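*Asks:* Line by line, the protein sequences give chains A and B.
Each residue of the first sequence is one higher than the last, beginning at 177 in the numbering used here.
Each residue of the second sequence is one higher than the last, beginning at 177 in the numbering used here.
We treat Cβ as the ideally placed atom computed from N, Cα and C, and that holds for glycine.
This structure is a prediction, so every number in the text was calculated from the model and none was measured.
Protein chains: 2
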Amino acid sequence: MKLIFLGTSAGVPTKQRNVSGVALRESKGKGWYLIDCGEGTQHQVLHTKLSFHSLKAIFITHVHGDHCYGLPGLLASAGMGGRTAPLTIVAPAGIKAWLDATFDATQLCLPFALEFIASDNLPSLEFENMAVATFGLSHRAPSYAYGFTETKMDAALDVDKLAQKGIPRGPLWGQLKQGFDVEFGGERLKSHEFLIFKHKPRKVVIAGDNDRPDLLYEACAGAQVLVHEATYTEAMAEKAGDVGHSYAKLVAAFTESVALPNLVLTHFSPRYQLSPHASPSIEDIRKEAQSVYSGSLYLARDFSEYSLDKTGRFYEVAGE
Amino acid sequence: MKLIFLGTSAGVPTKQRNVSGVALRESKGKGWYLIDCGEGTQHQVLHTKLSFHSLKAIFITHVHGDHCYGLPGLLASAGMGGRTAPLTIVAPAGIKAWLDATFDATQLCLPFALEFIASDNLPSLEFENMAVATFGLSHRAPSYAYGFTETKMDAALDVDKLAQKGIPRGPLWGQLKQGFDVEFGGERLKSHEFLIFKHKPRKVVIAGDNDRPDLLYEACAGAQVLVHEATYTEAMAEKAGDVGHSYAKLVAAFTESVALPNLVLTHFSPRYQLSPHASPSIEDIRKEAQSVYSGSLYLARDFSEYSLDKTGRFYEVAGE
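1) From what residue to what residue does the beta strand (DSSP E) around A/His404 run?
2) By how many angstroms is the C-alpha of A/Ser196 removed from the C-alpha of A/Gly258?
3) By the DSSP assignment, the beta strand (DSSP E) with B/Leu182 in it spans what residues?
4) Check this for me: beta carbons of A/Pro189 and B/His219, under 8 Å apart or not?
5) Taking its Cβ as the centre, do 16 or more other Cβ atoms sit within 10 Å of A/Asn194, making it buried, or is it exposed?
6) Counting only the same chain and skipping the five closest in sequence on each side, list residues whose C-beta sits under 6 Å from that of B/Ala294.
7) By how many angstroms is the C-alpha of B/Glu405 removed from the C-alpha of B/Ala424?
8) Run through DSSP, which three-state label would B/Phe430 get?
9) In terms of alpha-carbon separation, which member of B/Arg388, B/Lys272, B/Val434, B/Ala261 lies closest to B/Val419?
10) Step through the CB atoms of chain E and report whether any lies within less than 8 Å of the CB of A/Ala267.
11) Of the residues B/Val308, B/Ala435, B/Ala321, B/Arg489, which one's Cα is nearest the Cα of B/Val468?
12) Is the Cβ of B/Gln449 closer than 8 Å to any Cβ of chain A?
13) What beta strand (DSSP E) runs, 3 residues minimum, are completely inside the region 276-356 of chain A?
14) Determine which residues of the region 273-289 of chain B have a Cβ less than 7 Å from any Cβ of chain A, and write them out in chain order.
15) Report the residue from A/Leu338, A/Leu226, A/Ala317, A/Ala321 whose alpha carbon sits nearest the alpha carbon of A/Thr310.
16) What does A/Pro248 reach in chain B if we use C-beta pairs closer than 9 Å?
17) Looking only at its chain, what residues have a beta carbon closer than 6 Å to the beta carbon of B/His375, apart from the 5 residues adjacent to it on each side?
18) Run down chain A in chain order and give the residues with a C-beta less than 7 Å from the C-beta of B/Ser253.
19) Beta-carbon of B/Gly362 versus every beta-carbon of chain A: anything under 8 Å?
20) Would you verify that the beta carbon of A/Met256 is, or is not, closer than 8 Å to some beta carbon of chain B?
21) Using CA coordinates, which residue listed in A/Pro456, A/Ala395, A/Arg316, A/Val401 is at the minimum distance from A/Met412?
22) What separation, rounded to the nearest whole angstrom, lies between the Cα atoms of B/Glu359 and B/Ser367?
23) Please report the straight-line C-alpha distance between B/Val493 and B/Phe181, rounded to a whole angstrom.
24) Can you tell me whether DSSP reads A/Thr264 as helix, strand or coil?
25) Between which two residues does the alpha helix (DSSP H) carrying B/Glu410 extend?
26) If we cut at 8 Å on Cβ distances, does B/His404 have a partner in chain A?
27) Does A/Gln218 have its Cβ less than 8 Å from a Cβ in chain B?
28) Enumerated in chain order, which unbroken segments of the beta strand (DSSP E) with a length of 3 residues or greater are wholly contained in the region 458-483 of chain B?
29) State yes or no: is the C-beta of B/Cys213 within less than 8 Å of the C-beta of B/Leu263?
30) Identify whether A/Val381 lies in helix, strand or coil by the three-state DSSP scheme.
31) Does DSSP put A/Gln218 in a helix, in a strand, or in coil?
32) Look at the alpha carbon of A/Leu290 and the alpha carbon of B/Ala252, and state the distance between them as a whole number of angstroms.
33) What is the DSSP secondary structure of B/Leu450, counted as helix, strand or coil?
34) Do you know offhand how far B/Ala233's Cα is from B/Val266's?
35) Can you find a C-beta in chain B that's less than 8 Å from the C-beta of A/Gly197?
36) Run the CB neighbour count on A/Thr442, radius 10 Å, all protein chains shown included, and call it buried at 16 or more, exposed below.
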């Protein structure tokens, strides 16, 4: 599985950072999921190897513009690029009504169907290779986190168990190994009961804007990676007041408390400069998080790419 | 006056070209006007010297997304950047309803007032240094051209006429010279009747999508510059069918017919490559236009900057 950050700035784009958007790419094939779609996300995608033909679903964390204003243009471009396959959009209910109003006002008629699923119902969804669970957060607007867990892992057949059941070697073994349940002797045999998994399933949690990381306790069970906003440092958050955002130490302390091994921070206020000598600097956010977190900490930049391999090892992929 | 192209691609952005947006900058001060606002226009502005504080008005030519999807984000960013001055938006009526729906759906509350003027009424508008007239075009949606004429030109006082009228040298002379009408001896004296203009006023016409350039006959009277789409060459336009766009020869022949000295083409279908060796190449559009136009022809690129000086001379400003 891969994470590719398409935008890492809070509220407004800067010369170096676009507003929110993260691509989660499956380990096999070209399939990917888009989490948030700030204005200019489709422009960022042009500079990656991602294709709108392989986009499996879009997840919007909340209705604020820096997380969704890129949706109409991205959908229009996917259509003009020839996409015809239906597309699932998981988003707060307001997004569907807004897109409908937008299509109507701007004469946009997409050549593919959209299937909307309201995040507000906290849906649990199954895609071909991925299960996605939804979790509620705390922000000025209803905001959600999405937990992505792979469902097709490398596994060996439990041949002893298959022999015990008297299942003959052949196509049924193949189907079970590929993760499909099968009928045998009038019984429904569940694939996962005949497989020996070599590793835990990979799991990544990607959260929207949120001032209470502790709400992610359940979401983070079994996850190797948490992606969370850290809009400010603690001192700056106090100045900003009650705006529904997290500061670095708050997120990092929570992540430490659940012993989650990899934390990627993003959604930085534009006031934080890239240079370590600037004030405030993005390094202030890093230092604050590091002061309370002993896991592997990453501060995302636009086009940062991370890989989570099947053994659960997470690392940044070197840029080209 | 300056023109800065922020986007020159039709329909979808490419790696080299954003969707539509043109900045028209006044000759004095920092004031500017934005004509069309495709997605990512605010990102393009970040790479210029333009400031949202100095933006005087936005003109939208028509409701298609590649001409307006950047509006919500640009307005939000102007607000977050501290703009408080009211902003005029001249646009087809549907844009106001769509922006209202967008503000509502995404909890956007701007810290400045928007004044909407419907292009559909073909308004003639007066800004501090600029008169703007609206002209109807032909496209799949109602589409408009805007003609910008400067109203404060360099001029000398007609001292003989002032003496004849018995107007004493002093503050009244100063006010008349600065373009203000004054009261004298119970009479209203019009500034322009006491000024000797050194040059014709500068005039630029910027058109939206349009398949009938001849509709611009009236708009082009006295203009030094026409900015018009040339989405295709003639052969490609035939293949594309009846989509409401112009091809290079159609626009160029019209511009030749009204002896307009400078034509800037933009809004190129993404299939036209920059390289002269590619097929189709943007040079195909240039050649087709040149074959029927004897004036100065320009094919805009993103961040192309042109200057129209007070003598009416138009030229491309070299990049930095």
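*Replies:* With the structure as the only source:
1) Position 228 of the first sequence holds residue 404 of chain A. Per DSSP, A/His404 belongs to the beta strand (DSSP E) from 401-405.
2) Counting from 1 along the first sequence, the entry for residue 258 of chain A is found at position 82. Counting from 1 along the first sequence, the entry for residue 196 of chain A is found at position 20. One C-alpha to the other measures close to 25 Å.
3) Numbered from 1 along the second sequence, position 6 holds the residue referred to as residue 182 of chain B. Residue range 178-183 is occupied by the beta strand (DSSP E) that includes B/Leu182.
4) Taking the first residue of the first sequence as 1, we reach residue 189 of chain A at position 13. Taking the first residue of the second sequence as 1, we reach residue 219 of chain B at position 43. Taking the C-beta atoms as reference points, B/His219 is found nearer than 8 Å to A/Pro189.
5) Looking up residue 194 of chain A in the first sequence gives position 18. So A/Asn194 counts as buried.
6) In the second sequence, counting from the first residue as 1, residue 294 of chain B sits at position 118. Counting only Cβ-Cβ distances below 6 Å, and skipping sequence neighbours, we find Ala269.
7) Indexing the second sequence from 1 puts residue 424 of chain B at position 248. Indexing the second sequence from 1 puts residue 405 of chain B at position 229. Whole-angstrom Cα-Cα distance: 8 Å.
8) In the second sequence, residue 430 of chain B corresponds to position 254, counting from 1. In the three-state scheme derived from DSSP, where H, G and I count as helix and E and B as strand, B/Phe430 is classed as helix.
9) On the second sequence, residue 419 of chain B is found 243 positions in, with the first residue counted as 1. The shortest C-alpha separation from B/Val419 is found at B/Arg388.
10) The chain labelled as chain E is not found among the protein chains of the depicted structure, namely A and B.
11) As a position in the second sequence, residue 468 of chain B is number 292, starting the count at 1. The candidate whose alpha carbon is nearest that of B/Val468 is B/Ala435.
12) Taking the first residue of the second sequence as 1, we reach residue 449 of chain B at position 273. Closer than 8 Å: no.
13) Taken in chain order, the whole beta strand (DSSP E) runs of length 3 or more contained in the region 276-356 of chain A are 290-294, 300-302, 306-312, 320-326, 331-333.
14) Against chain A - using a Cβ distance shorter than 7 Å - the residues of the region 273-289 of chain B are Ala273, Trp274, Ala277, Thr278, Ala281, Thr282, Gln283, Leu284.
15) Position 134 of the first sequence, counted from the start, is the residue given in the question as residue 310 of chain A. The option with the nearest alpha carbon to A/Thr310 is A/Ala321.
16) As a first step, residue 248 of chain A must be located in the first sequence, where it is residue number 72. Glu215, Gly241, Tyr245, listed in chain order.
17) Position 199 of the second sequence, counted from the start, is the residue given in the question as residue 375 of chain B. Contacts found: Lys486, Thr487.
18) Translated into the one-based positions of the second sequence, residue 253 of chain B becomes position 77. Val188, listed in chain order.
19) Indexing the second sequence from 1 puts residue 362 of chain B at position 186. It does not; no Cβ of chain A falls within 8 Å.
20) Locating residue 256 of chain A in the first sequence gives position 80, where the first residue counts as 1. So yes, A/Met256 belongs to the interface.
21) As a working note, residue 412 of chain A is residue 236 in the first sequence. Taking each of A/Pro456, A/Ala395, A/Arg316, A/Val401 in turn and checking the Cα distance to A/Met412, the smallest one comes out for A/Pro456.
22) Translated into positions along the second sequence, residue 359 of chain B becomes position 183. Translated into positions along the second sequence, residue 367 of chain B becomes position 191. Per the coordinates, the alpha-carbon of B/Glu359 lies some 11 Å from the alpha-carbon of B/Ser367.
23) Indexing the second sequence from 1 puts residue 493 of chain B at position 317. Indexing the second sequence from 1 puts residue 181 of chain B at position 5. Those two C-alpha atoms are separated by around 12 Å.
24) On the first sequence, position 88 is the one that residue 264 of chain A refers to. DSSP places A/Thr264 in strand when its eight states are reduced to three.
25) Locating residue 410 of chain B in the second sequence gives position 234, counting from the first residue. Start and end: 410-416.
26) Residue mapping note: residue 404 of chain B aligns to position 228 of the second sequence, counting from 1. Put simply, the CB of B/His404 is far from chain A, with every gap to its CB atoms at 8 Å or more.
27) As a first step, residue 218 of chain A must be located in the first sequence, where it is residue number 42. Judged by the 8 Å Cβ criterion, A/Gln218 is in contact with chain B.
28) Counting only runs of 3 or more, we get 472-475.
29) Here the question's residue 213 of chain B lines up with position 37 in the second sequence. Here the question's residue 263 of chain B lines up with position 87 in the second sequence. For B/Cys213 and B/Leu263, no; Cβs fall outside 8 Å.
30) Numbered from its first residue, the first sequence carries residue 381 of chain A at position 205. The answer is strand: DSSP assigns A/Val381 an E or B state.
31) In the first sequence, residue 218 of chain A corresponds to position 42, counting from 1. The answer is helix: DSSP assigns A/Gln218 an H, G or I state.
32) As a position in the first sequence, residue 290 of chain A is number 114, starting the count at 1. As a position in the second sequence, residue 252 of chain B is number 76, starting the count at 1. The alpha-carbon atoms of A/Leu290 and B/Ala252 are separated by roughly 27 Å.
33) In the second sequence, counting from the first residue as 1, residue 450 of chain B sits at position 274. The DSSP-derived three-state label of B/Leu450 is coil.
34) If you number the second sequence from 1, residue 233 of chain B lands on position 57. If you number the second sequence from 1, residue 266 of chain B lands on position 90. Their backbone Cα atoms lie some 8 Å apart in a straight line.
35) Against the first sequence, residue 197 of chain A aligns to sequence position 21. Cβ-Cβ to chain B under 8 Å: no for A/Gly197.
36) Along the first sequence, read from residue 1 onward, the residue named residue 442 of chain A stands at position 266. Around the Cβ of A/Thr442, a 10 Å sphere holds 16 or more other Cβ atoms; the residue is buried.
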